Amino acid sequence: MELTGAQALIKSLEMQQVEVMFGLPGGAILPVYDPIIDSSIRHILVRHEQGAGHMAEGYAQVTGRPGVAMVTSGPGATNIVTPLADAYMDSIPLVVVTGQVPTTAIGTDAFQESDITGITMGITKHNWLITDVKDIPRVVAEAFHVATTGRPGPVLIDIPKDVANQRMEWYWPEPSDLDLPGYHPVTEGDPALVRRAAELLLAAERPVIYAGGGILKARAADALRELAERTGIPVVTTLMARGSFPDSHPLCLGMPGMHGNYTAVTAMQRSDLLIALGSRFDDRVTGRVDSFAPEAKVIHVDIDPAEHNKVRLADVAIAGDCRLVIDELLVALDDLGLSHSDATRGGRGGAPSDAVSGAPESAGSLAASHPRDRLIPWRAQLSEWQRRFPLVYDQQPGSGALKPQFVLEALRDATPDDTIVASGVGQHQMFASQWWQFDHPYTWVNSGGLGTMGYAVPAAIGAKVGRPSTMVWAVDGDGCFQMTAQELVTASSERIPVKIAILNNAYLGMVRQWQEMFYEERYSEVYLSPDLPDYVGWAEAMGCVGMRVDSSDEVAPAIDKANDIDDRPVVIDFRTDAFEKVYPMVAAGSSNDDILVDPSLAEDGRP
Amino acid sequence: MSVYGADKRHHTLTVLVENKSGVLARVAGLFSRRGYNIFSLAVAPSDDERFSRITIVVDVESSPLEQIIKQLDKLIPVVSITELDPAVSRERELLLATVEAGPDTRGQVIQLVGVFEGKIVDVGHDRLTVMLAGAPTKLDDFEDLIRGYGIVDMQRTGRVALPMLDRSGDHSPRLHAEPPLGHHTEKAG
Numbered sequence: 268m269e270l271t272g273a274q275a276l277i278k279s280l281e282m283q284q285v286e287v288m289f290g291l292p293g294g295a296i297l298p299v300y301d302p303i304i305d306s307s308i309r310h311i312l313v314r315h316e317q318g319a320g321h322m323a324e325g326y327a328q329v330t331g332r333p334g335v336a337m338v339t340s341g342p343g344a345t346n347i348v349t350p351l352a353d354a355y356m357d358s359i360p361l362v363v364v365t366g367q368v369p370t371t372a373i374g375t376d377a378f379q380e381s382d383i384t385g386i387t388m389g390i391t392k393h394n395w396l397i398t399d400v401k402d403i404p405r406v407v408a409e410a411f412h413v414a415t416t417g418r419p420g421p422v423l424i425d426i427p428k429d430v431a432n433q434r435m436e437w438y439w440p441e442p443s444d445l446d447l448p449g450y451h452p453v454t455e456g457d458p459a460l461v462r463r464a465a466e467l468l469l470a471a472e473r474p475v476i477y478a479g480g481g482i483l484k485a486r487a488a489d490a491l492r493e494l495a496e497r498t499g500i501p502v503v504t505t506l507m508a509r510g511s512f513p514d515s516h517p518l519c520l521g522m523p524g525m526h527g528n529y530t531a532v533t534a535m536q537r538s539d540l541l542i543a544l545g546s547r548f549d550d551r552v553t554g555r556v557d558s559f560a561p562e563a564k565v566i567h568v569d570i571d572p573a574e575h576n577k578v579r580l581a582d583v584a585i586a587g588d589c590r591l592v593i594d595e596l597l598v599a600l601d602d603l604g605l606s607h608s609d610a611t612r613g614g615r616g617g618a619p620s621d622a623v624s625g626a627p628e629s630a631g632s633l634a635a636s637h638p639r640d641r642l643i644p645w646r647a648q649l650s651e652w653q654r655r656f657p658l659v660y661d662q663q664p665g666s667g668a669l670k671p672q673f674v675l676e677a678l679r680d681a682t683p684d685d686t687i688v689a690s691g692v693g694q695h696q697m698f699a700s701q702w703w704q705f706d707h708p709y710t711w712v713n714s715g716g717l718g719t720m721g722y723a724v725p726a727a728i729g730a731k732v733g734r735p736s737t738m739v740w741a742v743d744g745d746g747c748f749q750m751t752a753q754e755l756v757t758a759s760s761e762r763i764p765v766k767i768a769i770l771n772n773a774y775l776g777m778v779r780q781w782q783e784m785f786y787e788e789r790y791s792e793v794y795l796s797p798d799l800p801d802y803v804g805w806a807e808a809m810g811c812v813g814m815r816v817d818s819s820d821e822v823a824p825a826i827d828k829a830n831d832i833d834d835r836p837v838v839i840d841f842r843t844d845a846f847e848k849v850y851p852m853v854a855a856g857s858s859n860d861d862i863l864v865d866p867s868l869a870e871d872g873r874p
Numbered sequence: 005m006s007v008y009g010a011d012k013r014h015h016t017l018t019v020l021v022e023n024k025s026g027v028l029a030r031v032a033g034l035f036s037r038r039g040y041n042i043f044s045l046a047v048a049p050s051d052d053e054r055f056s057r058i059t060i061v062v063d064v065e066s067s068p069l070e071q072i073i074k075q076l077d078k079l080i081p082v083v084s085i086t087e088l089d090p091a092v093s094r095e096r097e098l099l100l101a102t103v104e105a106g107p108d109t110r111g112q113v114i115q116l117v118g119v120f121e122g123k124i125v126d127v128g129h130d131r132l133t134v135m136l137a138g139a140p141t142k143l144d145d146f147e148d149l150i151r152g153y154g155i156v157d158m159q160r161t162g163r164v165a166l167p168m169l170d171r172s173g174d175h176s177p178r179l180h181a182e183p184p185l186g187h188h189t190e191k192a193g
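One line per chain: the protein sequences are A and B, in this order. Using my numbering, you'd call the opening residue of the first sequence number 268 and step up by one each time. Using my numbering, you'd call the opening residue of the second sequence number 5 and step up by one each time.
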């Protein structure tokens, strides 16, 4: 069967079971758009190529399948650079196809030419410029293999227009036909190292499991839960790992880091053993590295060996897939005599303030020799911290300024447990991570590593496409919303009923917070105005239902109304308090020991 | 003066890469974006046309060697990395220099080239082009000595290296990457 390169490319995507792709056509990619008309793949036409990339990311994050986007050369390709960088930082499997000028024009500064493989070399796991039409099926197969195995990540395929028009004899490569002699990701942990880790784990008195995004990538949430329950070790879940361990679980301490809660941050600081699972000692988690968790030994499990010893020297560094290594670890713990009783198995409903205190009581029923007993004083200490330093805010009734945390609590309580939440970057993102209760994996979609403002709207759309029967809310800031809101036109026209909660404080809120705290309240270029644009009018112009909420008593009715709409997107403009700051906070470059809590909890916020 | 000298800052990595366009840019780009310093870099085809060998002398003060190797290893076209500690490897480099050699000094320059077992590859009225291959420190010494006569132009290739042969009977080179991480050339293809 003879096909054009363009037909072969689309057929190759079909062979990879691609169901949906996000994109926007243009000159150089024109040949590849033609066979889409006859393809089983649903193509979603975006309004800006950045939207295509973030939609593909949102789709990938909730489904675990690679997101696919296709754009044209030059500006189309450069517009998707931000999503590629974002996906690279957060290890999201993405396959991006870009058109390129004809091979004969490459290097001549041709119209809409850009060296996109050169530009994206440092922000993709790998990229390919196809110069021979016969390579197309093999390169597509290689691209999906590289994107989805090992440490997942984005890849890019650049296809010149003349190559797309040439003809080739169709084939589909066998796995052995892939030409990747330098790519052999490890998955299973070294048994000797796993055993050493198990020994450290049983000997620790103040251990903390430091769960990162790798848990979700490895689909290891169940394994993590078994490990925590078997050992009684408390778990912190990083921004990228929210939902990988249920917030309602008695052993869950919540999010650590710059805006993590006091107990999660301080548990790591005082720990004598950090069990880092798919986490990478990001600077937002460690604060000043030389004073981070000074007494802790470190077990570091990561599928990417380059993460080991990059920031923090590990006592035991295990290269491997988190799910497989945790399973190996559980076997090693068996061998070392850890019993299977599960007194700390969590139910739902433990209030955050006393969540951990349930564990020591139930541990009392165990045989005295159980290693979990060793952790009773530690868990009592954690409970004490949780009691003294909870997350707090003060919502005055009636006409008092609307607090963003109040909105999030109302939204959390009015939506199903498995609701997917997408966020942008800034105060609203931190409030969402703090105040939502994540009890299911793959329900939190955000831009962690790159911190891409404008992520929420397109990522939510991509998530809704991937999980159409699940409710999807984007929690966005007014600054973020203005960056990518045009994709709501895409959502309306494609009938993708996402819901957007704008926490509109009329400021670039996180920058405002820093200027207030560290620049003597000299507010430079952070004011946005609450009324310009008119968010309700803008939403309606884009085919959405628009609502505006000014006071706390309007919050619940508006959310209920939004939840009842399922045939178009909804945007609610929540007018929130501009002066609310995110606490706790560890200032950039400070030690996690210098964490500031809400000023109502301690003088100067210093515990 | 020594370009890299005999200090402990440098380590030599021989990196087997796929012989495809853009691979050198990927390697160079990695060093640049992660802030690793390179003393020298030499690229040439290997004995298998599918692969090229890049010999990189890295500054291990700019970043830990372990990180440099592991990040290099993540590049998809990198097939294998062999770390060569200068103490257990044979390192060689080639120097070409055009030196002032008028009637008064020509004899001295020729004598010096002879002492270092170099070769004269071109002769002009008052200049000589000389070639010297050898250990980098030997080239450093030679360069110091001919400088006094006047170096008109000089090029050095950057070093290449192979592991020192082990006379105890173990013939495997010292692969830095441990088995789960290592990409062994025999797997190639």
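We put the CB at the ideal spot given by N, CA and C, even for glycine. Keep in mind that this is a model prediction, so the values were computed, not measured.
For residue i, return the contacting residues in chain B, with the cut-off set at a CB-CB distance below 7 Å.
i         : result
Lys577(A) : Gln71
His637(A) : In chain order: nothing, as chain B lies at least about 34 Å away.
The alpha helix (DSSP H) spanning residue i covers which residue range?
i         : result
His321(A) : Glu316 to Thr330
Lys428(A) : Lys428 to Asn432
Leu149(B) : Pro140 to Arg151
Asn772(A) : Looking at the DSSP string, Asn772(A) is not in any alpha helix (DSSP H), and its letter there is neither H nor E.
Asp680(A) : Pro671 to Ala681
Gly521(A) : Where Gly521(A) is concerned, there is no enclosing alpha helix (DSSP H), although the beta strand (DSSP E) it sits in stretches over Cys519 to Gly521.
Met282(A) : Gly272 to Met282
Glu466(A) : Pro458 to Ala470
Ile500(A) : Ile500(A) -> no alpha helix (DSSP H), and no H or E assigned at all.
Gly662(A) : Checking the sequence shown, residue 662(A) turns out to be Gln, not Gly. From DSSP, Gln662(A) is part of no alpha helix (DSSP H); its letter is neither H nor E.
Verify the CB distance criterion: does residue i have a CB-CB separation below 9 Å to chain B?
i         : result
Ala573(A) : yes
Gly480(A) : no
His567(A) : no
Gly449(A) : yes
Val413(A) : yes
Leu396(A) : yes
With DSSP as the reference, please indicate the residues paired to residue i in a beta bridge.
i         : result
Leu20(B)  : Arg57(B) and Ser84(B)
Met814(A) : Ile839(A)
Trp740(A) : Val688(A) and Lys766(A)
Who are the neighbours of residue i on chain B, taking C-beta pairs under 8 Å?
i         : result
Pro419(A) : Per Cβ cutoff of 8 Å: no residues; Pro419(A) is ~13 Å from chain B at best.
His695(A) : Simply none; closest approach about 31 Å.
With respect to the beta strand (DSSP E) encompassing residue i, which residues constitute its N-terminal and C-terminal limits?
i         : result
Trp437(A) : Where Trp437(A) is concerned, there is no enclosing beta strand (DSSP E), given that its DSSP letter is neither H nor E.
Asp569(A) : Lys564 to Asp569
His637(A) : Segment: none, His637(A) is in no beta strand (DSSP E) and carries neither H nor E.
Pro474(A) : Pro474 to Ala478
Applying a beta-carbon distance threshold of less than 8 Å, which residues of chain A neighbour residue i?
i         : result
Lys142(B) : Neighbours of Lys142(B) on chain A: none; closest Cβ ~35 Å, over 8 Å.
Would you say residue i reaches chain A, if we count a Cβ-Cβ gap shorter than 9 Å as a contact?
i        : result
Pro81(B) : yes
Gly3(B)  : Not covered by the structure: residue 3(B). The range shown for chain B is 5 to 193.
Asp77(B) : yes
Pro84(B) : Contrary to the premise, residue 84(B) reads as Ser rather than Pro in this sequence. It does; some Cβ of chain A falls within 9 Å.
Ser25(B) : yes
Ala29(B) : yes
Arg54(B) : yes
Could one say the Cβ of residue i lies closer than 9 Å to chain C's Cβ atoms, at least one of them?
i         : result
Val164(B) : Absence of chain C from the displayed structure is noted, the protein chains being A and B.
What residues from chain A crowd round residue i, counting only those whose CB sits closer than 7 Å?
i        : result
Glu22(B) : Pro448 and Gly449
For a contact defined as C-beta to C-beta under 9 Å, what are the partners of residue i on chain A?
i         : result
Lys74(B)  : Asp571, Pro572, Ala573, Glu574, His575, Asn576 and Lys577
Ala208(B) : Absent from the structure is residue 208(B), since the part of chain B shown begins at 5 and ends at 193.
Query raised in the report: Using a beta-carbon distance cut-off of less than 8 Å, what residues from the region 376-391 of chain A approach chain B?
Result: Thr384, Gly385, Met388 and Gly389
**Report entry** Short-range partners of chain B found in the region 516-539 of chain A, where Cβ spacing is below 9 Å
**Finding:** none
Requested in this report: Using a Cβ-Cβ cut-off of less than 8 Å, list which residues of the region 31-49 of chain B approach chain A; keep chain order.
Outcome: Gly33, Leu34 and Arg37
Query - Contact residues within the region 306-339 of chain A, judged by C-beta distance below 9 Å to chain B - result: none
Requested in this report: Name, going along the chain, the residues of the region 695-722 of chain A whose beta-carbon falls closer than 8 Å to a beta-carbon of chain B.
Outcome: none
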